[in-house]
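One structure below.
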Amino acid sequence: MEKRTIVRFCLGLLILTLAFSLRPGRFPPYARIDFVQTWTPTYCAQPDVKCRQNLEPTFTLHGLWPADADGKAPTYCSKKRSDQDIDKETTELRDDLLRVWPSVQEGKTSKSFWQYEWNKHGICCLLNVTKMDYFRAAIAQRNNINLLSIFTNAGVKPSWDATYTEAAIENTVEGHTGTAVHVSCKPMNDTHVKLFEIYICLDVPGTNYVDCPPSGNYKRGCWRPGTETSIIIFPPK
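Structure (structure tokens):
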């Protein structure tokens with residue numbers, strides 16, 4: 011009787027051990043990384059945002075967000091201190107990160123911004139890239155694509171008087187990347203919206219451009235309800 015109890019206990023322990031070892035990893039697989047840049051005049055005009063004084067209008071890096079094939083982005087994939095610690099990476103790459111990925115919010119340091127983006131999105135890349143590779147990818151991609159120059163050279167310039175369609179904005183960026191991109195907007199009035207962010211999709215390691223999947227017209231805010239086309243303002247300030 012005692013032997014049977016011991017055997018049962020050992021079998022139960024073995025089953026639990028096997029079940030634990032076969033659990034999926036805490037880092038989910040993903041299909042691409044969204045490389046997202048924000049137009050600061052639109053961002054800073056939001057009522058709940060207070061930006062630093064005398065900011066030059068520019069596209070600033072928002073983040074690199076892993077996403078599945080449907081565009082769903084996993085978040086907060088680990089709370090382990092060792093996974094969240096980015097001191098080594100942000101110290102070694104500090105000067106480059108300050109140049110390409112600064113915080114524009116008053117009272118929010120750039121390092122706290124990097125930490126927030128890493129904890130929310132970057133950690134979820136650890137299945138395929140290291141922390142250092144993640145931040146190096148951010149620097150390399152931002153160095154590789156200067157959106158304001160691309161738009162200006164194509165005659166798409168910040169102005170309160172000019173209007174653009176979603177297709178015109180996307181085509182301008184796609185002429186540089188060679189891949190489909192996404193645009194997001196913020197409401198301005200009943201008929202017009204303001205250019206907000208550009209989504210450029212990268213492969214799993216974050217090194218090459220890939221096509222962004224199709225997105226619904228209303229999903230990213232660039233079409234006003236009841237309109238047949240997008241009317242986008244590229245605000246100068």
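Residue numbers (my numbering): 11 to 247. The beta carbon of each residue, even a glycine, is placed where N, CA and C say it ideally should be. Since the structure is predicted, the reported quantities are computational estimates derived from the model, not experimental observations.
In this structure, what does DSSP give as the bridge partners for residue 203?
If you number the sequence shown from 1, residue 203 lands on position 193. As computed with DSSP, residue 203 is found in a beta bridge with 197, 242.
Quick check: what's the CA-CA separation for residue 74 versus residue 111?
Residue mapping note: residue 74 aligns to position 64 of the sequence shown, counting from 1. Residue mapping note: residue 111 aligns to position 101 of the sequence shown, counting from 1. Their backbone Cα atoms lie some 11 Å apart in a straight line.
For residue 216 and residue 232, the rounded distance between their alpha carbons:
Taking the sequence shown and counting its residues from 1, one reaches residue 232 at position 222. Taking the sequence shown and counting its residues from 1, one reaches residue 216 at position 206. When rounded, the distance between both Cα atoms is 26 Å.
Can you tell which of 192, 158, 203 has its C-alpha closest to the C-alpha of residue 56?
Your numbering for residue 56 matches position 46 in the sequence shown. From the listed residues 192, 158, 203, the smallest Cα separation to residue 56 is found for 203.
Per-residue DSSP class, three states only, for residue 75
Looking up residue 75 in the sequence shown gives position 65. Residue 75 carries a strand assignment under DSSP once its states are collapsed to helix, strand and coil.
Roughly how many angstroms lie between the CA atoms of residue 130 and residue 96, to the nearest whole one?
The sequence position of residue 130 within the sequence shown is 120, counting from 1. The sequence position of residue 96 within the sequence shown is 86, counting from 1. Cα-Cα distance, rounded: 13 Å.
Classify residue 115 as helix, strand or coil using the three-state DSSP reduction.
Here residue 115 refers to the residue found at position 105 of the sequence shown. Of the three classes helix, strand and coil, the one that applies to residue 115 here is strand, per DSSP.
With residue 193 and residue 42 assumed to form a contact (beta carbons below 8 Å), what rounded beta-carbon distance in angstroms separates them?
For the purposes of this step, residue 193 is identified with residue 183 of the sequence shown, where counting begins at 1. For the purposes of this step, residue 42 is identified with residue 32 of the sequence shown, where counting begins at 1. The pair is not a contact, with the Cβ atoms about 17 Å apart (cut-off 8 Å).
Cα-Cα separation, residue 242 to residue 175
Residue numbering aside, residue 242 sits at position 232 when the sequence shown is read from its first letter. Residue numbering aside, residue 175 sits at position 165 when the sequence shown is read from its first letter. Taking the straight line from one Cα to the other gives about 6 Å.
If distances are taken between C-alpha atoms only, which option among 199, 169, 128, 76 comes closest to residue 91?
Here residue 91 refers to the residue found at position 81 when the sequence shown is read from its first residue. Nearest of 199, 169, 128, 76 to residue 91, Cα basis: 128.
Determine the direct distance from the alpha carbon of residue 53 to that of residue 173, and round the result to whole angstroms.
Your numbering for residue 173 matches position 163 in the sequence shown. Your numbering for residue 53 matches position 43 in the sequence shown. CA-CA distance, residue 173 to residue 53, rounds to 19 Å.
My output table needs one value for residue 131: the three-state DSSP class, helix, strand or coil.
Counting from 1 along the sequence shown, the entry for residue 131 is found at position 121. DSSP places residue 131 in coil when its eight states are reduced to three.
In this structure, how does DSSP classify residue 170 when only helix, strand and coil are distinguished?
Reading the sequence shown from its first residue, position 160 is the one you call residue 170. Here residue 170 sits in strand by DSSP.
Contact set for residue 103: own chain, Cβ-Cβ below 6 Å, skip 5 residues either direction:
Position 93 of the sequence shown, counting from 1, holds the residue named residue 103. Apart from the 5 residues on each side of it in sequence, residue 103 sits with its Cβ closer than 6 Å to the Cβ of 145 in its chain, given in chain order.
Roughly how many angstroms separate the alpha carbons of residue 19 and residue 120, rounded to a whole number?
Start at 1 with the first residue of the sequence shown, and residue 19 comes out as number 9. Start at 1 with the first residue of the sequence shown, and residue 120 comes out as number 110. At residue 19 the pLDDT is 41, less than 50, meaning the model places this residue with poor confidence; the figure from the coordinates comes in the next sentence. For residue 19 and residue 120, the distance between alpha carbons rounds to 54 Å.
Around the Cβ of residue 63, are there at least 16 other Cβ atoms within 10 angstroms (buried) or fewer (exposed)?
Counting from 1 along the sequence shown, the entry for residue 63 is found at position 53. By the 10 Å Cβ count, residue 63 comes out exposed.
What are the boundary residues of the alpha helix (DSSP H) that residue 161 is part of?
Numbered from 1 along the sequence shown, position 151 holds the residue referred to as residue 161. Judged by DSSP secondary structure, residue 161 falls within the alpha helix (DSSP H) whose first and last residues are 157 to 163.
With a threshold of 7 Å on Cβ separation, who are the neighbours of residue 86 within its own chain once the five nearest residues in sequence on each side are excluded?
Walking along the sequence shown from the start, residue 86 turns up at place 76. If we look at residue 86 and ignore the five residues flanking it on each side, its Cβ neighbours are 129, 130.
Taking the straight line between their C-alpha atoms, what separation do you get for residue 142 and residue 239?
The residue you call residue 142 lines up with position 132 of the sequence shown. The residue you call residue 239 lines up with position 229 of the sequence shown. So the alpha carbons of these two residues sit roughly 42 Å apart.
Length of the line joining the Cα atoms of residue 159 and residue 166:
One-based indexing of the sequence shown puts residue 159 at position 149. One-based indexing of the sequence shown puts residue 166 at position 156. Between residue 159 and residue 166, the C-alpha separation is close to 10 Å.
Identify the continuous beta strand (DSSP E) that holds residue 45 and give its terminal residues.
For the purposes of this step, residue 45 is taken as the residue at position 35 of the sequence shown. Element bounds for residue 45: 42 to 49.
With distances taken Cα to Cα, identify the nearest neighbour of residue 68 among 210, 48, 83, 151.
The residue given as residue 68 occupies position 58 in the sequence shown. Closest option to residue 68, Cα to Cα, is 48.
Contact set for residue 78: own chain, Cβ-Cβ below 7 Å, skip 5 residues either direction
For the purposes of this step, residue 78 is taken as the residue at position 68 of the sequence shown. For residue 78, where only same-chain residues beyond five positions count, the Cβ hits under 7 Å are 40, 41.
Is residue 108 helix, strand or coil when you go by DSSP?
The residue labelled residue 108 in the question sits at position 98 within the sequence shown. DSSP, reduced to helix, strand and coil, places residue 108 within a helical segment of the structure shown.
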